[in-house]
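Report on the following structure.
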Amino acid sequence: MTALLEIEGLRASYGPVRALHGVDIAVPEGDVVAILGPNGAGKTTTLRALTGMVRISGRIALAGRSLVGLSTSRIARLGVAHVPEGRGTFPALTVEENLRLGAYTRRDAAGVRADIARWYELFPQLAQRAGQAAGNLSGGEQQMLAIARALLLRPRLLLLDEPSLGLAPMVTRELFGVLGLVQREQGTTMLLVEQNANLALELADHAYVLEAGRTVLAGPAGQVRSDESVRRSYLGY
Amino acid sequence: MERFLQVVVDGIADGSIYGALALALVLIFRSTGIVNFAQGEMAMFATFVAWGLHDGGRPLWLALVAAFAFAFLGGMAIERLLIRPVEGAGTLTLVIVTLGLFILVNAAAGWIWGFTNRGFPSIFPSGVARLGGVELSVESLGIIAVLLAVVALLGLLFQRTKLGLAMRAAALNPDSSRLVGIRVGRMLMLGWGLAALLGALAGVLVAPRLFLDVNLMGGVLVYAFAGAALGGFDSPLGAVVGSWIIGVTENLAGTYVGAVGADLKVLVPLAVIFVVLLVRPSGLFGSPEVTRV
């Protein structure tokens, strides 16, 4: 069976600096895949490569269709939603406007309204602040908004870059709870980059470990979790 | 008292013309982060297009519609062909490109239509209307009405439509906009087209009050700058209110301050720009930070 997303031999560079030397990742439809690795391993670059934000060589295919060389907006319209580091929201616009922008590519106005109502139900904080500028939200609320914004695209593939960054442990728990719920309810395929390896491996079906721009380990989440070196380096016990 | 009201209404009318051009400047500043020095010349060119069509025997309304369409498409073409290649090249580069465009458009208009003065017909009937016992010029009232309608339409576009929301998003956060599937380049093109259209409107409104020649918009551009600086370069509402204030003070000073008169009233906007930059650089309605985030 071929996976929804296939990355093979992905190389990328920022100017003269090589960031990726050959990353291979497969994300099966409906699964959650986690990417682990130290700082500078190329995790964020891999996600940026997927949405056309860095120059690359290699193969990236979404349901068999190559994404290489497509513009970021085109990739979004093919159903890839990316929550980047720094969240990618619109701080000067209201919460409601942010959510409506998330659904920019959709034509079903009624469905969008229903989805926004659903998100307000899941994150009541967002409903209370619907008319406020997104920049006034707390860090946790902004991350919720970013995820809701991305899911309003009704993506085939959701890319999450460090969703727990800078958040209190309780807020992070809540966030991952919602991600799990979305995954169970809608079967959204997710590719997750996360420093908190424990949380990531709880949610994920499969995991990949990147080091210095290469895939060095891959397997089912349970197997990666029990790997000696992963445990020592990323799980801290 | 009647004289005073007439001067104020004429001032608001003048300010409305500056306001249309100031709105164009603000639209481009918000999306591209630069002041388009060629905005006035683009407007002058479109006004000449209308004049040429009308002079060639077309009815005025048709000439105006054609000129507006020309301005809209021309503005989009300029963004695509001249601005896009230097996008992200730094403010100075972009400013130089718009200055080059200023000279290019000005020279092209002179080459095509010559450097003599032309009369330009007003879309409004001449004469006066009596409002509450005060005689006011129909043209002035008409100009004010047109600007109010334009402001209302722009408000509807940006606040009530998906396209307007996408245009605002593309101006504020281009990277985030791409991630939700907005074609940012297309939105910028649209913004330039819209700005050129607003400029053309200012051109055909001001041309009957002056004479149409290649330097038609030089003065208007200075007043529009002053209006936008006073109101805040990133605030459309501010641009309009600022331009009204400029128009009214200019006319009041020209009428009542003997030392200023008609010859020196251009000093009023310059003084305003100077004082605003000194006291409140972000303008009355602008946000303190006008850097692109």
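Protein sequences appear in the order of chains C and B. Start counting the first sequence at 35; every next residue gets the next number (our numbering). Start counting the second sequence at 1412; every next residue gets the next number (our numbering). All C-beta atoms, glycine included, are put in the ideal place defined by N, C-alpha and C.
>> Between C/Tyr154, C/Phe124, C/Ser260, which has its C-alpha nearest C/Gly169's C-alpha?
In response: C/Phe124
>> Does chain B have any CB closer than 8 Å to the CB of C/Thr128?
In response: no
> Of the residues that make up the stretch 1590-1619 of chain B, which ones have a beta carbon closer than 8 Å to any beta carbon in chain C?
Replying inline: Leu1590, Val1591, Gly1592, Ile1593, Arg1594, Val1595
> Is it the case that the Cβ atoms of C/Leu269 and C/Thr222 are separated by a distance below 8 Å?
Replying inline: no
>> Using a Cβ-Cβ distance cut-off of 8 Å, determine whether B/Ala1580 contacts chain C.
In response: yes
> Under the rule that 16 or more other beta-carbon atoms within 10 Å means buried, what is C/Met204, buried or exposed?
Replying inline: exposed
> Just by C-beta distance, which residues in the stretch 109-124 of chain C are closer than 8 Å to chain B?
Replying inline: Ala110, Arg111, Ala115, His116, Pro118, Gly122, Thr123, Phe124
>> For a cutoff of 8 Å on Cβ pairs, would you count B/Leu1438 as touching chain C?
In response: no
> Does the stretch 1517-1536 of chain B touch the stretch 1568-1587 of chain B, meaning 3 or more C-beta pairs lie closer than 8 Å?
Replying inline: no
> Does C/Ser107 get closer than 8 Å to chain B when you measure Cβ to Cβ?
Replying inline: yes
> Would you say the stretch 1464-1482 of chain B touches the stretch 1617-1629 of chain B, given that touching needs at least three Cβ pairs under 8 Å?
Replying inline: no
>> Suppose contacts are defined by Cβ-Cβ distances below 8 Å. Is B/Ile1555 in contact with B/Ile1423 by that definition?
In response: yes
> Over what stretch of residues does the alpha helix (DSSP H) that includes C/Met204 continue unbroken?
Replying inline: 203-220
>> Is C/Arg134 close to chain B? Criterion is C-beta to C-beta, closer than 8 Å.
In response: yes
> Closest to B/Leu1601 by CA distance: which of B/Phe1448, B/Met1455, B/Ala1477, B/Arg1495 is it?
Replying inline: B/Arg1495
>> From the DSSP secondary-structure annotation, give me the bridge partner or partners of C/Glu40.
In response: C/Ala60, C/Ala95
> At which residues does the alpha helix (DSSP H) containing B/Val1631 begin and terminate?
Replying inline: 1627-1642
> Fully enclosed by the stretch 1539-1621 of chain B, which alpha helix (DSSP H) runs are 4 residues long or longer?
Replying inline: 1549-1571, 1573-1583, 1585-1590, 1595-1617
>> Residues of the stretch 210-223 of chain C in Cβ contact with chain B at a cutoff of 7 Å, in chain order, please.
In response: none
>> Looking at chain C, is there any beta carbon in it that lies within less than 8 Å of the beta carbon of B/Ala1500?
In response: no
> Any idea what DSSP makes of C/Ser47, helix, strand or coil?
Replying inline: strand
> What residues of chain C sit near B/Asn1626, judged by a beta carbon separation below 9 Å?
Replying inline: Ordered by position in chain C, no residue passes the 9 Å Cβ test against B/Asn1626, which lies about 38 Å from the chain.
> Of the choices C/Leu186, C/Ala115, C/Ala143, C/Glu130, whose alpha-carbon is the least far from that of C/Leu160?
Replying inline: C/Glu130
>> At 4 residues or longer, what runs of the alpha helix (DSSP H) sit wholly inside the stretch 146-190 of chain C?
In response: 158-162, 173-185
>> Distance check for B/Gly1451 and B/Gly1485, CA to CA, integer angstroms please.
In response: 14 Å
>> Measuring straight from C-alpha to C-alpha, what distance separates B/Pro1536 and B/Ser1551?
In response: 11 Å
> When every heavy atom of the ligand COA is checked, does at least one fall within less than 7 Å of the C-beta of B/Ile1445?
Replying inline: This structure does not include the ligand COA; it has no bound ligands of any sort.
> Run through DSSP, which three-state label would C/Leu101 get?
Replying inline: coil
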